[in-house]
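Worksheet: one structure, shown below.
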Amino acid sequence: MKKRSLAILYCSLLITLGACKKFEYFQTDPNKPTESTPDLLLTSIEAKTFSEVSTSCPLAARQLVNTDGVSANQYYGWQRAGFGDFDQLRQVVKMEQAATRLNKPVYLALAKFFRAYLFMRLSLVYGDIPYSEALQGESKSFTPAYDRQETIFLHILDELKIANNLLTADAGEIRGDIVYSGKIQQWKQLINTFSLRILMSLSLKENNAKLGIQQRFREIVNNPGQYPLMTGNQDNGQLVYVDLKDNRYPFYNSNDLQTAYYLEETFVNLLKGTRDPRLFRFAQKAPQSAALPDNDFNAYGGAKGSATIDENTSRVTAGQVSKIAKRYYNDPVNEPGIAIGYAELQFILAEGVVRKWIGGNAEEYYKKGIQASMEHYKVPAADITAYKAQPAVQLLPGKEMEAIFNQKYISFFMNSGWQLFYEQRRTGLPVFDVSGNGVLNNKRIPKRWMYPEDELNLNRDNVTAAIARQFPQGDDINAVMWLLIKD
Numbered sequence: 014m015k016k017r018s019l020a021i022l023y024c025s026l027l028i029t030l031g032a033c034k035k036f037e038y039f040q041t042d043p044n045k046p047t048e049s050t051p052d053l054l055l056t057s058i059e060a061k062t063f064s065e066v067s068t069s070c071p072l073a074a075r076q077l078v079n080t081d082g083v084s085a086n087q088y089y090g091w092q093r094a095g096f097g098d099f100d101q102l103r104q105v106v107k108m109e110q111a112a113t114r115l116n117k118p119v120y121l122a123l124a125k126f127f128r129a130y131l132f133m134r135l136s137l138v139y140g141d142i143p144y145s146e147a148l149q150g151e152s153k154s155f156t157p158a159y160d161r162q163e164t165i166f167l168h169i170l171d172e173l174k175i176a177n178n179l180l181t182a183d184a185g186e187i188r189g190d191i192v193y194s195g196k197i198q199q200w201k202q203l204i205n206t207f208s209l210r211i212l213m214s215l216s217l218k219e220n221n222a223k224l225g226i227q228q229r230f231r232e233i234v235n236n237p238g239q240y241p242l243m244t245g246n247q248d249n250g251q252l253v254y255v256d257l258k259d260n261r262y263p264f265y266n267s268n269d270l271q272t273a274y275y276l277e278e279t280f281v282n283l284l285k286g287t288r289d290p291r292l293f294r295f296a297q298k299a300p301q302s303a304a305l306p307d308n309d310f311n312a313y314g315g316a317k318g319s320a321t322i323d324e325n326t327s328r329v330t331a332g333q334v335s336k337i338a339k340r341y342y343n344d345p346v347n348e349p350g351i352a353i354g355y356a357e358l359q360f361i362l363a364e365g366v367v368r369k370w371i372g373g374n375a376e377e378y379y380k381k382g383i384q385a386s387m388e389h390y391k392v393p394a395a396d397i398t399a400y401k402a403q404p405a406v407q408l409l410p411g412k413e414m415e416a417i418f419n420q421k422y423i424s425f426f427m428n429s430g431w432q433l434f435y436e437q438r439r440t441g442l443p444v445f446d447v448s449g450n451g452v453l454n455n456k457r458i459p460k461r462w463m464y465p466e467d468e469l470n471l472n473r474d475n476v477t478a479a480i481a482r483q484f485p486q487g488d489d490i491n492a493v494m495w496l497l498i499k500d
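Counting in this note's numbering, the sequence shown runs from 14 upward without gaps.
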C-alpha cells in the first residue's frame with residue numbers, strides 16, 4: 014500500500030511540474046532543428062534547379078515524337094504555365110537568411126546566381142514577371158507588381174557580375190555542393206558562362222544603348238583573369254546521377270519513354286545528312302532494319318512531329334521508326350544532366366565572333382563545341398575526328414549561323430531544359446516543321462505561355478496591367494515579348 018501511495022505521489026508531482034510549462038513548449042521537438050543551414054539548403058536548391066532533363070522541349074523542338082496521345086508540347090497546343098520556380102526562389106531566400114545569420118557570405122554570392130537563373134527562366138516563359146516586389150510574403154506583401162523584362166535582365170546581369178566578384182579565394186568554404194564540390198573557381202566559370210548566355214539571348218537588342226550588350230560581352234570574354242569561363246566538360250553545370258534511390262537518371266525505368274518515344278524525322282535526317290555518329294547514341298535501329306549494323310545510317314528512321322498520331326502509329330507498326338536509345342530508360346546513371354555546359358559556351362563564342370562582338374576564330378570555337386558535345390555523349394574519339402573533317406561540317410562563309418545553330422541544336426538533346434526552344438525562338442534556326450495535320454495553334458509555333466490562373470485570381474490588377482503593357486491582343490501564346498522585338 015505504501016509503494017502504491019509513493020507511485021501516486023510521484024505521478025502527481027510530474028503532472029504538477031508539467032502543468033507549469035506552456036502549451037507551446039510541447040509543440041517543439043528538441044531532436045529536430047527548426048532552422049536550416051545554408052549548406053543543406055544549397056544541396057536541395059542545386060538538385061531541383063539543375064534538374065533540366067526533360068522530354069517536353071525535345072517534343073516541342075522536333076527531336077522526339079510521342080505516340081501515346083496528343084502532346085500539347087509536340088503539337089503546339091499549350092496554354093498556361095505555372096509559377097513553380099517561385100517555390101525554389103523562396104528556398105534561395107531561406108539560404109540567404111541562414112547565410113546572414115551564420116555569417117557565411119559565400120552562400121550569398123551563390124544565391125545571386127540562383128536568383129538570376131530562376132528569374133531568367135521565369136521571364137523567358139512569360140515576359141514581364143514579379144521581380145522587385147516578389148518573395149515578400151513574410152512581410153504580408155502578397156500582390157507584387159510586375160517588372161518590365163528589360164529591367165529584370167539589366168538587374169540580373171548586374172547581380173551576376175557582383176556574384177563573380179564576391180567569389181574570391183578567401184570568400185569561405187562551400188559545403189553541400191553537389192555540382193562543384195565547393196570549388197569556387199568553377200562557380201565563377203559557371204556564373205560568367207551564364208552571363209554570356211543571357212547576353213546572347215539579347216542579340217535582338219544589340220543596338221540598345223541602355224543594355225550595352227556588346228560591351229558587356231567583350232568585357233567578360235577579354236578579361237579571363239577577372240571573368241573566368243568554362244575550360245572543358247569538367248566545368249559543366251550539371252547533375253551527375255548515381256545508382257541510389259532518388260538520385261538516378263530521371264527517366265530510369267520510365268515505361269512511357271520505353272514504349273512511346275521515337276526520334277523525329279527532321280532530326281534524324283539532319284544527323285544522317287552529315288553522317289553524325291551521335292545518332293547511334295540517341296536512337297535504336299528501326300525494327301525493319303534490325304539486320305543492319307548499328308553504325309549503318311540506313312538503319313534509322315524518324316516519325317513526323319507534325320503528323321497525326323494515326324499517321325505516326327502506322328509508321329511505327331510498319332517498323333520504320335527508331336525508338337529513343339535504351340540507355341535513357343535502362344541506365345540508372347546514364348549521362349549527366351547538363352543545365353549550362355561548355356559546348357554551349359563554345360557555340361555562343363562562335364556566334365559572338367560572327368556577329369563581330371568579339372575577335373577570334375569562329376570555326377575554332379565551333380569545332381570545340383562539336384568536340385565537347387560528342388564527348389558528352391561518349392562518341393569514340395576516332396569518330397569525332399572523322400566527323401569534324403567532313404566538308405559538310407565546315408563553317409562556310411555566309412552560312413556560319415546555320416551551321417552553328419544546327420550544332421547547338423544537336424548538342425541540347427535531352428539536356429539544358431527549354432534552352433533549345435528559346436534559341437530557335439530567337440533565331441528561327443533550325444526551322445521546325447509545322448506542315449502536318451496534327452499541328453494545333455493554326456500551325457504556328459507559340460512564342461510564350463499564358464500567365465498562371467492563380468495570378469488572375471489572387472493578383473489580378475498587377476497581372477492585368479502587365480498584359481496590357483506588353484500585349485495589345487491580350488494574354489496569348491503567340492504574343493511577342495520585349496525580348497523578341499528587334500531594336
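Cβ atoms here follow ideal geometry from the backbone N, Cα and C, with glycine treated the same way.
Source: prediction; values computed, not measured.
Quiz prompt | Proximity below 8 Å, CB of T113 to CB of T326 | solution = As a working mapping, residue 113 is identified with position 100 in the sequence shown. As a working mapping, residue 326 is identified with position 313 in the sequence shown. Not closer than 8 Å, so no.
Quiz item: Assuming A74 and Q437 make a contact with CB atoms under 8 Å, what is their CB distance in whole Å?
Solution: One-based indexing of the sequence shown puts residue 74 at position 61. One-based indexing of the sequence shown puts residue 437 at position 424. At roughly 6 Å, the Cβ-Cβ gap stays under 8 Å, so A74 and Q437 are in contact.
Quiz item: What are the boundary residues of the beta strand (DSSP E) that Y274 is part of?
Solution: Locating residue 274 in the sequence shown gives position 261, where the first residue counts as 1. Where Y274 is concerned, the enclosing beta strand (DSSP E) stretches over 274-276.
Practice problem: Kindly indicate which three-state DSSP category I490 falls into: helix, strand or coil? | Solution: Within the sequence shown, numbered from 1, the residue matching residue 490 stands at position 477. Coil, per DSSP.
Quiz prompt | F207 versus I233, K61, D52, residue with shortest Cα-Cα distance | solution = As a working note, residue 207 is residue 194 in the sequence shown. Looking at the Cα atoms, I233 is the closest of the given residues.
Quiz prompt | Counted within 10 angstroms of its Cβ, other Cβ atoms place F39 as buried (16 or more) or exposed | solution = By 1-based counting over the sequence shown, the position of residue 39 is 26. The predicted model places F39 with a pLDDT of 46, which falls under 50 and marks its position as unreliable; any figure quoted below should be read in that light. It counts as exposed.
Self-check item: Coil, strand or helix - F484 by DSSP
Solution: Locating residue 484 in the sequence shown gives position 471, where the first residue counts as 1. The answer is coil: DSSP assigns F484 none of H, G, I, E or B.
Quiz item: Quick one: what's N455 bridged to in DSSP?
Solution: As a first step, residue 455 must be located in the sequence shown, where it is residue number 442. Answer by DSSP bridge pairing: none, since N455 is not bridged.
Exercise. Put L496 into one of helix, strand or coil per three-state DSSP.
Key: Counting from one through the sequence shown, the residue named residue 496 turns up at place 483. L496 falls in the helix class under three-state DSSP.
Quiz item: Cα separation between L180 and A352?
Solution: The residue you call residue 180 lines up with position 167 of the sequence shown. The residue you call residue 352 lines up with position 339 of the sequence shown. Each residue's alpha carbon lies about 21 Å from the other.
Quiz item: In chain order, what residues of the same chain lie with their CB nearer than 7 Å to the CB of V406, ignoring the 5 residues before and after it?
Solution: By one-based count along the sequence shown, residue 406 stands at place 393. T287, Y400.
Quiz item: Per DSSP, what kind of secondary structure is P345 in: helix, strand or coil?
Solution: If you number the sequence shown from 1, residue 345 lands on position 332. DSSP places P345 in coil when its eight states are reduced to three.
Exercise. May I ask you to report which of helix, strand or coil DSSP gives I187?
Key: Numbered from its first residue, the sequence shown carries residue 187 at position 174. DSSP places I187 in coil when its eight states are reduced to three.
Quiz item: Could you give the distance in angstroms between the alpha-carbon of Y193 and the alpha-carbon of D98?
Solution: On the sequence shown, position 180 is the one that residue 193 refers to. On the sequence shown, position 85 is the one that residue 98 refers to. Distance between the alpha carbons of Y193 and D98 is about 22 Å.
Quiz item: Whose C-beta lies closer than 8 Å to the C-beta of D307 among residues of the same chain, with five residues either side of it excluded?
Solution: Counted from its first residue, the sequence shown places residue 307 at position 294. Here the set comprises F293, K298.
Quiz prompt | Selected residue, minimal CA-CA separation from I169, among S145, V346, Y139, L54 | solution = Within the sequence shown, numbered from 1, the residue matching residue 169 stands at position 156. Nearest of S145, V346, Y139, L54 to I169, Cα basis: S145.
Self-check item: Sequence-distant residues of the same chain with beta carbon closer than 7 Å to I175, five excluded per side
Solution: Counting from one through the sequence shown, the residue named residue 175 turns up at place 162. Around I175: K125.
Self-check item: Cβ-based burial, V2 [other Cβ within 10 Å; buried from 16]
Solution: Outside the shown range of the chain, which is 14 to 500, sits residue 2, and nothing can be said about it.
Quiz item: Does the Cβ of E508 have 16 or more other Cβ atoms within 10 Å, making it buried, or fewer, making it exposed?
Solution: Past the edges of the chain, shown from 14 to 500, lies residue 508, and the structure says nothing about it.
Quiz prompt | Own chain residues within Cβ distance below 8 Å of S154, not counting five before or after | solution = Here residue 154 corresponds to residue number 141 of the sequence shown, with the count starting at 1. Once the five neighbours on either side are set aside, the close Cβ partners of S154 are E146.
Quiz item: In three-state DSSP terms, what is V334?
Solution: Translated into the one-based positions of the sequence shown, residue 334 becomes position 321. If DSSP states are grouped into helix, strand and coil, V334 belongs with coil.
Exercise. Check whether the Cβ of S49 lies closer than 7 Å to any heavy atom of the ligand SAH, and answer yes or no.
Key: This structure lacks the ligand SAH; in fact it carries no ligand of any kind.
Exercise. On the DSSP bridge assignment, give the partners of G250 in chain order.
Key: Sequence index remark: in the sequence shown, residue 250 carries index 237 (1-based). Note: G250 sits in a beta bridge opposite I353.
Self-check item: Identity of the residue in A375, R134, I361 nearest F230 by Cα
Solution: Start at 1 with the first residue of the sequence shown, and residue 230 comes out as number 217. Nearest of A375, R134, I361 to F230, Cα basis: I361.
Quiz item: Would you call T68 buried or exposed, if buried means 16 or more other Cβ atoms sit within 10 Å of its Cβ?
Solution: Taking the sequence shown and counting its residues from 1, the one referred to as residue 68 is at position 55. By the neighbour-count rule (16 or more Cβ atoms within 10 Å), T68 is buried.
Quiz item: Can you give the Cα-Cα distance for D446 and G318, rounded to whole angstroms?
Solution: Within the sequence shown, residue 446 is the residue found at index 433, counting from 1. Within the sequence shown, residue 318 is the residue found at index 305, counting from 1. Roughly 7 Å separates the two Cα atoms.
Practice problem: Return the CA-CA distance between P459 and N450, expressed in angstroms with no decimal places. | Solution: Here residue 459 is taken as the residue at index 446 of the sequence shown, counted from 1. Here residue 450 is taken as the residue at index 437 of the sequence shown, counted from 1. Cα-Cα distance, rounded: 17 Å.
Quiz item: Would DSSP call N44 helix, strand or coil?
Solution: Mapped onto the sequence shown, residue 44 falls at position 31. The pLDDT assigned to N44 is 49, lower than 50, so where the model puts this residue is not dependable; a value taken from the coordinates is nonetheless given after this. Reduced to three states, the DSSP call for N44 is coil.
Quiz item: Bridge partners of A296, per DSSP?
Solution: As a first step, residue 296 must be located in the sequence shown, where it is residue number 283. Answer is I337, bridged to A296.
Quiz item: Does the distance from the C-beta atom of M427 to that of P71 stay below 8 Å?
Solution: As a first step, residue 427 must be located in the sequence shown, where it is residue number 414. As a first step, residue 71 must be located in the sequence shown, where it is residue number 58. Yes, they are a contact pair.
Exercise. Can you grab the Cα-Cα spacing for the pair K285 / N419, in whole Å?
Key: Within the sequence shown, numbered from 1, the residue matching residue 285 stands at position 272. Within the sequence shown, numbered from 1, the residue matching residue 419 stands at position 406. If I take the Cα positions, the gap works out to 13 Å.
Quiz item: Would S64 be called buried (16 or more neighbouring beta carbons within 10 Å of its own) or exposed?
Solution: Locating residue 64 in the sequence shown gives position 51, where the first residue counts as 1. The residue in question, S64, is exposed, as its Cβ has fewer than 16 Cβ neighbours within 10 Å.
Quiz prompt | Where I371 sits in the DSSP three-state scheme | solution = Reading the sequence shown from its first residue, position 358 is the one you call residue 371. Note: I371 maps to coil in three-state DSSP.
Quiz item: So what does DSSP say about Y38, is it helix, strand or coil?
Solution: For the purposes of this step, residue 38 is taken as the residue at position 25 of the sequence shown. Low per-residue confidence applies at Y38: pLDDT is 47, beneath 50, and the placement is therefore not dependable enough to give any value.
Quiz item: Based on Cα-Cα distance, which residue from S424, A303, G332 lies nearest to A385?
Solution: Residue numbering aside, residue 385 sits at position 372 when the sequence shown is read from its first letter. Of the listed residues, the one whose Cα sits closest to A385 is S424.
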